Amino acid sequence: MERGVSGGTSPEPIAASYSRFTAGLSRVRGYCVTEEGDSLSLAFEPWFTESGSSFAVPCMRIMFRREGEQIILERFEIEDADEPRTVNIDAAHDALQAWMDCMAD
1 MERGVSGGTS
11 PEPIAASYSR
21 FTAGLSRVRG
31 YCVTEEGDSL
41 SLAFEPWFTE
51 SGSSFAVPCM
61 RIMFRREGEQ
71 IILERFEIED
81 ADEPRTVNID
91 AAHDALQAWM
101 DCMAD
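Be aware that the sequence shown starts at 1, since it is given in our numbering, and climbs by one per residue.
Okay, structure coming up:
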């Protein structure tokens with residue numbers, strides 16, 4: 001199920017410096033990064049969090065592609081009760097770009 005508003009032209013890609021973004025990840029706990037070629041997957045799994053119940057927190061999976069020194073967000077999914085939902089990244093463009101900028105600072 002896709003969330004958000006679709007249609008119209010897509011905004012600029014949601015991107016950040018690869019080296020600065022991955023360095024920013026080192027300040028965060030509770031995630032798993034998988035890199036395969038130019039693809040990078042970032043998952044915040046329930047069992048990595050300090051929640052009282054590991055199943056009380058939905059899993060967030062964020063997929064990127066690397067283009068040179070840039071990392072570009074391709075897909076954002078939330079899995080809650082084994083039901084994956086894809087977030088419309090165009091609808092959440094500004095918020096996701098702000099998060100990537102914060103991670104890359």
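Every residue gets a Cβ at the ideal spot worked out from N, C-alpha and C, and that includes glycine. These figures come from a predicted structure and were not determined experimentally.
Neighbourhood of residue i by C-beta distance below 6 angstroms, restricted to the same chain and skipping five residues each side
i, result
"Thr34", "Ser41"
"Gly24", "Met103 and Ala104"
Contact set for residue i: own chain, Cβ-Cβ below 8 angstroms, skip 5 residues either direction
i, result
"Glu69", "Ser17, Tyr18 and Ser19"
Proximity below 9 angstroms, CB of residue i to CB of residue j
i, j, result
"Arg61", "Glu77", "yes"
"Asp94", "Arg66", "no"
Beta-carbon proximity list for residue i, same chain, < 7 angstroms, skipping 5 on both sides
i, result
"Ile71", "Ala15, Ala16, Tyr18, Phe21, Leu40 and Phe64"
"Pro84", "Glu77"
Nearest-angstrom beta carbon gap, residue j and residue i [assumed within contact, 8 angstroms]
i, j, result
"Asp90", "Pro11", "6 angstroms"
Among the options, the one whose alpha carbon lies nearest that of residue i
i, options, result
"Cys59", "Asp38, Glu67 and Ala81", "Ala81"
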